[in-house]
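Residue numbers (the numbering used here): 4 to 266.
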Amino acid sequence: MNKLYIIKIGGNVLDDPAALKKFLQDFASIKYPKILIHGGGKIATKIGEKLGIESKYVDGRRITDEPTKDLVTMVYGGLINKQIVAELQTMHCNALGVTGADGNLLKATRRPVREIDYGFVGDITVEDVNNTLLYFLLKQNVIPVFAPLTHEEGVMLNTNADTIASVLAVSLSKHFEVRLIFCFEKPGVLLDVNDEKSVVTRLTEQGYQGMLQAGQLADGILPKLENAFAAIRSGVKEVLIGEHTHLLANTGYDTRGTLITIT
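Structure below.
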């Protein structure tokens with residue numbers, strides 16, 4: 004079975020042009036089929052401030068009201084996505100920038116209102132992936148670059164980029180041996196959030212629950228870990244979390260960072 008790399012990039016890397024270029028060079032060097040999913044929340048917040056659109060959060064999660072929906076559609080699906088695609092084209096990568104609406108690649112269900120109304124936020128499952136079209140694109144040596152946007156009945160929805168990466172990885176595991184990599188500015192999952200040398204090189208589900216109960220995990224890492232374990236439980240070959248210069252070294256794969264395992 005052929006390898007497929009699914010890589011999610013976010014955090015401060017997207018905000019730093021030099022770091023982003025280095026990441027894209029490393030990404031371009033991977034000699035296997037690959038998919039990139041990007042975030043961009045900090046950039047959306049900065050542009051929103053200039054436009055007078057206030058960012059609202061509950062427990063670290065963005066509330067996507069109608070002005071914010073339009074903002075993230077513009078910033079994620081336009082500015083960030085096309086900058087990444089244009090840069091990859093200079094590196095001889097046939098990148099195709101997409102949202103879930105393009106080719107109906109990824110449908111969603113708008114999150115129902117419970118205690119909190121998250122607004123125009125889409126929840127997704129493996130069944131929502133247009134696996135046939137994605138497989139075709141990969142076989143044509145096209146590199147899909149996903150903005151974290153999905154759709155339902157003509158309405159664009161904001162969807163967590165970590166979740167998109169995990170769901171795509173599970174869906175495509177029937178065709179490929181998938182390596183799922185979550186890249187951000189930290190070297191991996193840290194035992195001590197203030198000590199970047201305290202990397203957990205291998206994290207089991209039991210270890211994850213222990214760290215969670217002990218309050219050792221920063222809010223930003225939680226969606227990555229939730230989605231990492233969801234993927235590994237569902238047949239994804241390997242899941243890694245860490246800084247891109249460690250995870251994408253030369254050959255496109257390295258064992259540094261945090262390896263996610265069931266046991």
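Just so you know, even glycine gets a beta-carbon here, dropped at the ideal spot from N, CA and C.
Everything numeric in this text was worked out from a predicted model, so none of it was measured.
With 16 other Cβ atoms within 10 Å as the buried cut-off, status of residue i
{"i": "T266", "result": "exposed"}
{"i": "F26", "result": "buried"}
{"i": "V173", "result": "buried"}
{"i": "E246", "result": "buried"}
{"i": "R65", "result": "buried"}
{"i": "N230", "result": "buried"}
{"i": "N271", "result": "Outside the modelled stretch of the chain, which goes from 4 to 266, sits residue 271, for which no answer is possible."}
{"i": "A98", "result": "buried"}
{"i": "D120", "result": "exposed"}
{"i": "F139", "result": "exposed"}
{"i": "V227", "result": "It should be noted that the sequence gives Lys, not Val, for residue 227. Burial call: buried."}
{"i": "L195", "result": "The sequence shown places Asp at residue 195, rather than the Leu named in the question. Under this definition D195 is an exposed residue."}
Contact belief for residue i with residue j at Cβ below 8 Å, rounded distance in angstroms
{"i": "I127", "j": "A111", "result": "5 Å"}
{"i": "V101", "j": "F149", "result": "6 Å"}
{"i": "E68", "j": "G122", "result": "In the sequence on display, residue 68 carries Asp and not Glu. With a Cβ gap of about 5 Å, D68 and G122 count as contacting."}
{"i": "L206", "j": "T261", "result": "5 Å"}
Whole-angstrom distance between residue j and residue i, CA atom to CA atom
{"i": "G213", "j": "M94", "result": "43 Å"}
{"i": "D198", "j": "K72", "result": "36 Å"}
{"i": "H154", "j": "A104", "result": "6 Å"}
{"i": "D222", "j": "Y211", "result": "14 Å"}
{"i": "L171", "j": "A234", "result": "9 Å"}
{"i": "G255", "j": "A31", "result": "Residue confidence is low: G255 scores 47 on pLDDT, short of 50, so the model does not pin down where it sits. Its coordinate-derived value is still stated next. Cα-Cα distance, rounded: 9 Å."}
{"i": "G157", "j": "R114", "result": "15 Å"}
{"i": "I38", "j": "I10", "result": "6 Å"}
{"i": "K85", "j": "A47", "result": "15 Å"}
{"i": "N144", "j": "P36", "result": "7 Å"}
{"i": "G125", "j": "L160", "result": "5 Å"}
{"i": "K189", "j": "Q219", "result": "15 Å"}
{"i": "G106", "j": "L137", "result": "9 Å"}
{"i": "S340", "j": "Y60", "result": "The shown model of the chain, from 4 to 266, leaves out residue 340, and the question about it has no answer."}
{"i": "F187", "j": "I56", "result": "26 Å"}
{"i": "K200", "j": "L193", "result": "8 Å"}
Can at least three beta-carbon pairs, one atom from the segment 234-246 and one from the segment 163-183, be found at a separation below 8 Å? yes
Alpha helix (DSSP H) runs contained entirely in the segment 45-118, provided each spans 4 or more residues: 69-77 and 84-93
Those runs of the alpha helix (DSSP H) which lie wholly inside the segment 114-151 and span at least 4 residues: Counting whole runs of 4 or more residues, the segment 114-151 contains the alpha helix (DSSP H) stretches 134-142.
Could you tell me which uninterrupted alpha helix (DSSP H) segments, each at least 4 residues in length, are contained entirely in the segment 143-202, listed from first to last along the chain? Counting only runs of at least 4 residues, the segment 143-202 fully encloses the following alpha helix (DSSP H) elements, listed from N- to C-terminal order: 164-175.
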